[in-house]
Amino acid sequence: MSTSISARQLTVEFPIFENSHRSLKKKVLHLTTGGTIGNDAGNHPVVCALDALDFEFKDGDRVGLVGHNGSGKTTLLRVLSGIYSPTRGQLKIKGKTASLLDVSTGVDPDATGFENIYLRGIMNGFKPSLIRSKIDEIADFTELGEYLNLPVRTYSSGMMLRLTFAISTSIQADILLMDEWLSVGDADFREKAAKRLKSLVDNASILVIASHNPELIDNVCNKKLQLEHGKIVASEVLGKASDPAPALA
Numbered sequence: 115m116s117t118s119i120s121a122r123q124l125t126v127e128f129p130i131f132e133n134s135h136r137s138l139k140k141k142v143l144h145l146t147t148g149g150t151i152g153n154d155a156g157n158h159p160v161v162c163a164l165d166a167l168d169f170e171f172k173d174g175d176r177v178g179l180v181g182h183n184g185s186g187k188t189t190l191l192r193v194l195s196g197i198y199s200p201t202r203g204q205l206k207i208k209g210k211t212a213s214l215l216d217v218s219t220g221v222d223p224d225a226t227g228f229e230n231i232y233l234r235g236i237m238n239g240f241k242p243s244l245i246r247s248k249i250d251e252i253a254d255f256t257e258l259g260e261y262l263n264l265p266v267r268t269y270s271s272g273m274m275l276r277l278t279f280a281i282s283t284s285i286q287a288d289i290l291l292m293d294e295w296l297s298v299g300d301a302d303f304r305e306k307a308a309k310r311l312k313s314l315v316d317n318a319s320i321l322v323i324a325s326h327n328p329e330l331i332d333n334v335c336n337k338k339l340q341l342e343h344g345k346i347v348a349s350e351v352l353g354k355a356s357d358p359a360p361a362l363a
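Put into structure tokens, the structure is as follows:
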């Protein structure tokens, strides 16, 4: 089965819950850095974070999402990963999806490293049998040793990133979603992590990455979508993506 992502009039709206402590100024500031403010069918105020998007990604596509902060890039990635559901429109995804949007989300600080491997694995949609088959490989990749038996609240931020990166990148997926290119740990571990990330990217049928780095988009992607206030304002076909590893490792 071929891998694909298609959207027709894809729209995501978030309700604005009124209360006496929210000022009009805050709403206006939200408007200038995110989607547009309007009303839903019941005349309730909403922020339209994604506004009637149409696109199609196929096997081999490396798609770069660009735009200012609040333009809708991360919201679109979260919809593609299943974190958010469309309010209206259609979204069809064929293929297994892996999300590297926020690798530290969902960590239980009171659980051990090993326990968090199971927790994050389940959260990522892995079957328990698959997690059990991968746990030794994940543990070895982290290089955390006996620290995996301790609560992760005892970890440094670098140790936490090692753990969550190892979990999130342990399974090859058809579709890879990224919010910026990940760089994890000290120099030695960063080189190892870069090689794994490159392998995931190279072997994914479709990559969708949001970034503020024009060089990265030009090097990695063959398509570019520019978003502004939740709308696609430009779509561009780029030259064939080059090997990202030397410049980005």
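Residues 115 to 363 in the working numbering are what the sequence shown lists, from first letter to last.
Note that the Cβ used here is the ideal one computed from N, Cα and C, for glycine as well.
Here the structure is a predicted model, which means the values were calculated and not measured.
In the DSSP secondary-structure assignment, F128 is bridged to V161. Taking 8 Å as the cut-off, the beta carbon of F303 is found closer than this to the beta carbon of E257. Burial is judged here by how many other beta carbons sit within 10 angstroms of a residue's own beta carbon; I289 has at least 16 and is buried. In the DSSP assignment, A166 forms no beta bridge with any residue. Cβ-Cβ separation between T188 and D293: approximately 6 Å, consistent with a contact (criterion under 8 Å).
Where I252 is concerned, the enclosing alpha helix (DSSP H) starts and stops at 242-256. Under the three-state reduction of DSSP, K210 is assigned to coil, being neither helix nor strand. Following the DSSP letters along the chain, one finds A348 inside the beta strand (DSSP E) bounded by residues 345-351. DSSP lists T226 as the beta-bridge partner residues of P265. For I323, there is no enclosing alpha helix (DSSP H); the enclosing beta strand (DSSP E) covers residues 320-324.
Using a Cβ distance threshold of 8 Å, L291 and L194 count as a contacting pair.
A straight-line Cα-Cα distance of about 11 Å links V160 and T201. In this chain, the alpha helix (DSSP H) harbouring D332 covers 328-334.
K208 is positioned such that its CB atom lies no closer than 8 Å to that of M273. In this structure, A121 places its C-beta atom within 8 Å of the C-beta atom of D168. Residue environment for V322: buried (at least 16 other C-beta atoms within 10 angstroms of its C-beta). Sequence-distant partners of I281 (beyond 5 residues in either direction) whose C-beta falls short of 7 Å from its own C-beta, in its chain, are I231, R234, G235, I252.
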